[in-house]
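Student: Protein sequences, first through last, are from chains X and L.
When you line the first sequence up against numbering that gives the first Met the number 0, it's residues 0 to 252, in that order.
When you line the second sequence up against numbering that gives the first Met the number 0, it's residues 0 to 97, in that order.
Each residue gets a CB set at the ideal place from its N, CA and C atoms; glycine is no exception.
Mind looking over this structure? Questions follow.
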Amino acid sequence: MSPGQRRWIFLAGVAGLAAFYLWGLTGLPGFGNYPGPYGDIINHVAVAQTNATGVVSAVNFEYRGFDTVGEEFILFVAATGVAVVLRHLRKERQQKEDDPTADWAIPPASDAVRLAALFFTGPVVVMGWFLALHAQTSPSGGFQGGVVLATAFILIYLSGEFLLFRRVSPADVTDAVEAVGAGGFAAIGVSAVAMGLPYLKNFLPRGTVPGAVSSGGTIPLISFFVGLEVAAAFVLIVGELVEQTLLVRPRER
Amino acid sequence: MASTHLATVVTPYTIPAPLMDVLQLTLLVLVAAGATAVALIREPVRQVVMLSVYGVLLAVLFLAFQAPDVTLSELTVGAVALPVLLLLALAKVKRREK
């Protein structure tokens with residue numbers, strides 16, 4: 000096929016795509032207009048039903064809790080997959096501590112970076128836990144809290160070195176925390192079944208004051224476990240990748 | 000744009016609708032520019048830094064469009080975690096090249 004013919008086929012394809020795309024755009028609802036009924040219904044009933052003013056978390060951990068279990072296990076499987084793919088292979092070895100080339104690929108952190116990381120680690124840990132534990136108020140949630148917590152570990156890595164990162168997040172402990180997080184969420188669902196209720200039914204008292212610490216029933220509890228799982232999964236993935244940069248394969252030497 | 004928002008709850012912190020329109024439009028333009036910059040920059044490390052900036056822009060955009068929950072996720076995943084993973088991968092690749 001000659002280049003000229005190819006160009007015509009390409010142009011015909013682009014024209015067709017553009018036509019369908021523009022046609023699709025004209026059918027979109029106007030800016031800020033929500034056509035579906037579910038969002039409006041949830042907005043009206045969610046706070047009264049769950050006593051959680053963080054409606055996003057109420058939706059995530061109660062109304063569509065079953066979907067969220069699936070999503071949590073997607074992250075769990077992803078972290079497991081990274082750990083399996085990046086496992087130590089035969090003849091791979093850790094770089095020696097006294098290796099003169101040890102820090103040329105990743106230069107040591109500057110004082111400014113170390114100070115900033117040191118300064119932010121504490122507040123980030125507090126914020127992460129606050130978000131994960133206060134799913135019944137807005138804005139918050141286990142996923143957000145978990146990734147903020149994981150960021151604290153990344154800050155530790157930035158401020159010091161890999162050894163410190165590993166000392167505050169040993170691989171075994173991280174694995175266990177991730178398993179507890181993922182298992183805890185599933186176990187809450189099973190507990191509901193054991194009481195003769197549907198899976199993940201909110202079986203705890205929902206309190207009387209909307210958005211209070213004691214309100215929301217299982218919503219903040221599930222959020223706590225999701226926070227554990229997400230934080231551990233991110234720390235595990237980052238840790239595996241950091242280790243990869245330190246690994247030396249036989250033929251690289 | 001802000002005039003079409005559902006409930007009109009007015010608090011001491013409510014930003015006037017025309018100002019909100021300007022803010023949202025500015026952010027939309029900035030996000031489009033940021034995404035284009037990420038695609039156009041060829042040097043990988045600079046590209047990752049721009050990706051992080053783009054993550055911050057997206058996070059602020061979500062905040063301006065009343066999605067603070069998504070802002071928190073985008074800020075940590077898009078502006079921190081993803082760039083860190085990419086930088087680590089780049090460090091590994093560069094080491095092997097030498």
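1) What are the start and end residues of each continuous alpha helix (DSSP H) run of 4 or more residues lying completely inside the stretch 5 to 49 of chain X, in chain order?
2) With F202/X as the anchor, note down where its alpha helix (DSSP H) starts and where it stops.
3) Is it right to say S168/X is buried, meaning 16 or more other beta carbons lie within 10 angstroms of its own, or is it exposed?
4) When the cut-off is 8 Å and only beta carbons count, does A31/L lie next to chain X?
5) What would DSSP say about R45/L, mapped onto helix, strand or coil?
6) What residue range is occupied by the uninterrupted alpha helix (DSSP H) comprising A108/X?
7) Enumerate in chain order the residues of its own chain whose CB-to-CB distance from V147/X is below 7 Å, with the five nearest sequence positions on each side excluded.
8) Please confirm whether F142/X has its beta-carbon closer than 8 Å to some beta-carbon of chain L.
9) Run down chain X in chain order and give the residues with a C-beta less than 9 Å from the C-beta of L87/L.
10) Do you know offhand how far P15/L's Cα is from L22/L's?
11) Against chain X, does L71/L count as a neighbour if the rule is that its beta carbon must be under 8 Å from one of theirs?
12) So, using beta-carbon positions, are L255/X and A116/X closer together than 8 Å?
13) For S1/X, count neighbouring C-beta atoms within 10 Å of its own C-beta (all shown protein chains included) and say buried if the count is 16 or more, exposed if not.
14) List, in chain order, every chain X residue whose beta-carbon is nearer than 7 Å to that of V76/L.
15) Helix or strand or just coil, what does DSSP make of Y99/L?
16) For the 8 Å Cβ check, are there 3 or more pairs between the stretch 187 to 204 of chain X and the stretch 37 to 47 of chain X?
17) Where does T52/X sit, in a helix, a strand or coil, going by DSSP?
Tutor: A quick look at the data gives this:
1) 37 to 49
2) Per DSSP, F202/X belongs to no alpha helix (DSSP H) and is neither H nor E.
3) buried
4) no
5) helix
6) That residue, A108/X, is in no alpha helix (DSSP H); it is neither H nor E in DSSP.
7) V123, M126, G127, L130
8) yes
9) I105, V237, L240, V241, Q243, T244
10) 11 Å
11) yes
12) As shown, chain X starts at 0 and ends at 252. That puts residue 255/X outside it, with no answer to give.
13) exposed
14) V146
15) Chain L is shown only over 0 to 97; residue 99/L falls outside these bounds and no answer can be derived.
16) no
17) coil
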